[in-house]
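Chains as they are written, first to last, in the UniProt record's numbering: chain A, 1 to 352; chain B, 1 to 352. Even for Gly, the Cβ is constructed at its ideal location relative to N, Cα and C. Keep in mind that this is a model prediction, so the values were computed, not measured.
So this is what it looks like as structure tokens:
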């Protein structure tokens, strides 16, 4: 743990294919050597220029395929006077959490003279893959991805071919790749421990869908805090699912009016908190609340939160991406940023 | 006014250069005719292929320049198997107002198989121009622009060459171009009239910088409502400038504690409202407030707002853009969307 940056680097693992990663990708020279032809011939084939026999072209194409060679579009773009670009794949452009994150990525990209190509997966793994591959086909120099899916092997050929990729908010699935995330487990554990310290024992947890990494990590933090305090859980206190208002409203209402009513709720993200606050405003008996993620105007409403630094997530991910693009050879790492508990009233209400 | 869509089309003006707009741009055939050469020769020059004498190349280049010819990159992109793209230039990626607007533009682009390239001007006209031209150099098929500057003649060659462009939220300066905006004048007039109807006569207006179109339109709406009610303004009641917390806090504090203290404030946008709400929360005497733009959780804080439909702005602009890209020949239009006054308490407080 480095106290100056609030970052820690966990599980620095060796890359699986070091010879193909980032700064070390195959060059035209490698293709020429493998195909047994001159550099100019490879250049002709790559650029679709005439003057190459079909047999030679086939040999060059085979070498390109075998080596995973990709034209250095960054350099090509520069030669053509075009701007470099990086892709940013979010879950939802309209979620306020991603606003400061996007802006931070854009500022870093801008400082490196690159444009930002943005898109959202709408939490759909197929749409994520479609968008990522469209960005690769569009020859982005690198990708910052908030993944919706849990299997990113489809990205392996692109990463091997030199598309620098950094995941943010959630780790990649089934591949080694950089990830920058908040300490969801520790943040949720701190938030729930805060409620326990204020006398609560019947505490509900409302989180996002169970296939989302942060939802599971925060649930794990909730369970750890409860276990640390020796509290036996009732499964009626835990609800995971879509974070739209209808589902969250039903879950919160069931928890506070059920046979074992909770005296406090831990909300798993900003979308959940917004709806729970509305439910509790209409409820007679006071119920304590701590929410993961800070929210605009939460100070005026007295909402206690576990805040993550969305701008720092974006900045850290983008800076790491450009270090790769600048040729740094770093093994894939997991970088966790700390969260901060901000008491504002709702988390300090004693049990009714 | 069309009641089904809530839209009205104002000032349908004739384009200045109809022969060069959108669906009617110069073709390779036009270049060939002007240069007195064959089509194949133009194609060779455009694609940098050999077999053209320097003199012929010069003539073709002159014809290209004179006609404002641009290779049809959309078709080229399609042939190369790449994805089409449109550019979206915002003022600030982190402003929650732009979240739903961006998402709406993305959904329309996605439905047309196009990617979204995003960037922000940070309210700096030079940065806007730099970003727009970088997007054009990157061969976007079209642009949706929330302008920071008030002179867009730098875009004329691009528009003439076929880059479909729709402005949103604020009109273009010094060029004829499509614009989709909210009725800022009418919305502000309604909001201020609402305060007057609740007995206020000393009403403050805190708005954005005076070079921003919406700031001026909303101020005009404020003045019109005051004049309609026969109220003589004190200039100490009007404050325009940056919408950062420090400036707005100082302006609001001066208005409510000055020699002619206001009993109500009209806040010119969401950034202003957020700070004014904080200032009023710390103030002893109740002061009424109506804010332009809706804000998340404003319902729970009882903030009366004049809401614009950010998603409809983005959707309308993007749909118009793709109609142009699909070859529709429509003259540049100004499309205004209506606003909605939502009373929630703060705007209904009587004068102290």
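Since residue 120 of chain A sits in a beta bridge, which residues does DSSP pair it with?
A/90
CB-CB length for residue 304 of chain A against residue 290 of chain A, believed under 8 Å:
5 Å
Taking C-beta pairs closer than 8 Å, name the residues in chain B that residue 103 of chain A reaches, listed in chain order.
92, 93, 94 and 120
Would DSSP call residue 55 of chain B helix, strand or coil?
helix
Beta-carbon within less than 7 Å of residue 279 of chain A's beta-carbon, same chain only, minus the 5 sequence neighbours each way: which residues are those?
Closer than 7 Å at Cβ, skipping near neighbours: 249, 252 and 253.
In whole angstroms, give me the CA-to-CA distance for residue 17 of chain A and residue 160 of chain A.
Because residue 17 of chain A carries a pLDDT of 33, less than 50, the predicted location of this residue cannot be relied on, and the following value inherits that uncertainty. Near 8 Å, if we compare the C-alpha coordinates of residue 160 of chain A and residue 17 of chain A.
Does the beta carbon of residue 138 of chain A sit closer than 8 Å to a beta carbon anywhere in chain B?
yes
Could you give the DSSP three-state label for residue 178 of chain A: helix, strand or coil?
strand
Could you tell me if residue 209 of chain A is buried or exposed, where buried requires 16 or more neighbouring beta carbons within 10 angstroms of its beta carbon?
exposed
Answer yes or no: the CB of residue 338 of chain A versus the heavy atoms of the ligand SAM, is any distance below 7 Å?
Summarising the ligand content, the structure contains no ligands, and the ligand SAM is consequently not present.
Using the rule of at least 16 other Cβ atoms within 10 Å of the residue's Cβ for burial, across every protein chain shown, is residue 178 of chain A buried or exposed?
buried
Should the region 126-142 of chain A be regarded as contacting the region 265-273 of chain A, the criterion being three or more beta carbon pairs within less than 8 Å?
Output reads no: the region 265-273 of chain A does not touch the region 126-142 of chain A.
Going by the DSSP bridge assignment, what does residue 292 of chain A pair with across the sheet?
A/306
Just curious, the alpha helix (DSSP H) that residue 186 of chain A is in, first and last residue?
Here the alpha helix (DSSP H) through residue 186 of chain A covers 184-197.
Short CB-CB distance (under 8 Å) between residue 341 of chain B and chain A:
No, residue 341 of chain B does not count as interfacial toward chain A.
Residue 341 of chain B vs residue 194 of chain B beta-carbon contact at 8 Å
Inclusion of residue 341 of chain B and residue 194 of chain B in the CB contact set at 8 Å is warranted, their separation being smaller than that value.
DSSP-derived helix/strand/coil call for residue 220 of chain A
Correct three-state label for residue 220 of chain A: helix.
Once DSSP output is grouped into helix, strand and coil, what is the label at residue 234 of chain A?
coil
Other residues of its chain near residue 313 of chain B: CB distance less than 8 Å, five sequence neighbours each side excluded
For residue 313 of chain B, where only same-chain residues beyond five positions count, the Cβ hits under 8 Å are 101, 104, 168, 169, 180, 181, 182 and 337.
Quick test of your reading: residue 86 of chain A and residue 144 of chain A, contact by CB under 8 Å. State the CB separation rounded to the nearest angstrom.
The Cβ separation is near 7 Å, so the contact holds.
With distances taken between CB atoms, is the gap from residue 84 of chain A to residue 141 of chain A smaller than 8 Å?
yes
Can you pull the chain A neighbours of residue 117 of chain B, defined as C-beta to C-beta under 8 Å?
85, 115, 116, 117 and 118
Closer than 6 Å by C-beta to residue 45 of chain B: which residues in its own chain qualify, once you throw out the five before and the five after it? Chain order, please.
52, 57 and 60
Should residue 36 of chain B go down as buried or exposed, given a rule of 16 or more other Cβ atoms within 10 Å for buried?
exposed
Using a Cβ distance threshold of 8 Å, determine whether the region 222-233 of chain B contacts the region 189-206 of chain B, with at least three qualifying pairs required.
yes
Straight-line CA distance for residue 287 of chain A to residue 288 of chain B?
30 Å
Collapsed DSSP secondary structure at residue 106 of chain B in the structure displayed
helix
Simplified DSSP assignment, three categories, for residue 337 of chain A
strand
If the criterion is Cβ atoms closer than 8 Å, does the pair residue 149 of chain A and residue 125 of chain A meet it?
Their beta carbons are under 8 Å apart, which means residue 149 of chain A touches residue 125 of chain A by this criterion.
Could you give the distance in angstroms between the alpha-carbon of residue 339 of chain A and the alpha-carbon of residue 217 of chain A?
13 Å
Take residue 99 of chain B as the anchor and find which of A/107, A/119, A/109 and A/112 has the nearest alpha-carbon.
A/119
List the residues of chain A whose Cβ lies closer than 8 Å to the Cβ of residue 277 of chain B, in chain order.
297 and 300
Would you report the Cα separation of residue 320 of chain B and residue 109 of chain B, rounded to the nearest angstrom?
11 Å
Residue 285 of chain B classed as buried or exposed, judged by whether at least 16 other C-beta atoms fall within 10 angstroms:
exposed
Return the chain-ordered list of same chain residues with a C-beta closer than 7 Å to the C-beta of residue 215 of chain B, the five sequence neighbours on each side being excluded.
207, 208, 209, 240 and 268
Three-state secondary structure (DSSP) at residue 243 of chain B?
coil
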